[in-house]
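Residue numbers in the sequence shown follow this note's numbering, run continuously in steps of one, and reach 1001 at the last position.
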Amino acid sequence: MTPKKLSTHVPRISVESPSRLSSVDIDELCDAAEGGIRSGGGFGWLTPPPRSVMEDYWRGVQMIPERHLIVARLDKVIAGSCQIVSPPRNNEAQAFTCQLTTFFVAPWARGHGLAQMIVAEAEALAKSKGFTMISLDVRSTQDRAIQSFEARGFVRYAVNDYYARVENDYVSGFYYHKELT
């Protein structure tokens, strides 16, 4: 008996900043975000909201000029994302810095390097928009996200012991920044 050859499928991974989202993109973002939320991530939600709320959220992101969406794809399916948020125009004193927010990778897509690619693309996008600093905040329980940020040189500068509340318990949060040179 000869052994069967195992599949040698090499996943196709990509990261992009889409100018428009199709209905398929929104559906994939909802699926990926729901997975991220259920696994303990998910940009503030502790449980996935109704699907219509999630769809409206992603449609709304496209309409806000200060929000720049970055998506990661695994075999052409959206598997994670983040956003770069510009400061309001009246905040001239902080016009040099942007916020990285809503970062997640769906559980089924982890282990392919997407997290690092998303953060790298966020840095490149921020730099192309003229920002010289990125800041972010993250729950202390989000170990994989923290590893991704620290691996890319983000510096933790503060801790808030009362950052979030999960199941009636406070969860600390970490604040990071990175100079873009």
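Yeah, the Cβ is synthetic: ideal placement off N, Cα and C, and Gly gets one too.
Three-state class that DSSP yields for residue i in the structure shown
i	result
ASP876	helix
ASP895	coil
GLY931	coil
VAL991	strand
ALA913	helix
ARG871	helix
Boundaries of the beta strand (DSSP E) in which residue i is found, first to last residue
i	result
VAL835	833-836
Per DSSP, cross-strand counterpart(s) of residue i
i	result
GLN903	LEU889 and THR921
HIS829	Bridge partners of HIS829: none, in fact.
GLU999	MET953
The alpha helix (DSSP H) enclosing residue i, as first and last residue numbers
i	result
ALA940	934-948
ALA853	843-858
Sequence-distant residues of the same chain with beta carbon closer than 8 Å to residue i, five excluded per side
i	result
TYR977	TYR995, TYR996 and HIS997
GLY860	THR961 and GLN962
CYS918	ILE904, VAL905, SER906, PRO907, ALA946, LYS949, PHE951, MET953, ILE954 and SER955
ILE966	VAL958, SER960 and PHE994
Residues of its chain near residue i, where Cβ-Cβ distance is below 6 Å and the 5 sequence neighbours each way are ignored
i	result
ASN980	GLY993
ARG930	none
GLU848	VAL897 and ILE898
MET874	CYS850
SER834	ARG893
PRO868	GLU854 and ILE857
Own chain residues within Cβ distance below 7 Å of residue i, not counting five before or after
i	result
PRO831	LEU894, ASP895 and HIS932
ALA926	ALA852, GLY855, GLY856, ALA899 and GLY900
TRP928	GLY855
ALA915	PRO907
> Which whole runs of the alpha helix (DSSP H) in the segment 954-988 are 4 residues long or more, in chain order?
Replying inline: Runs found: 963-971.
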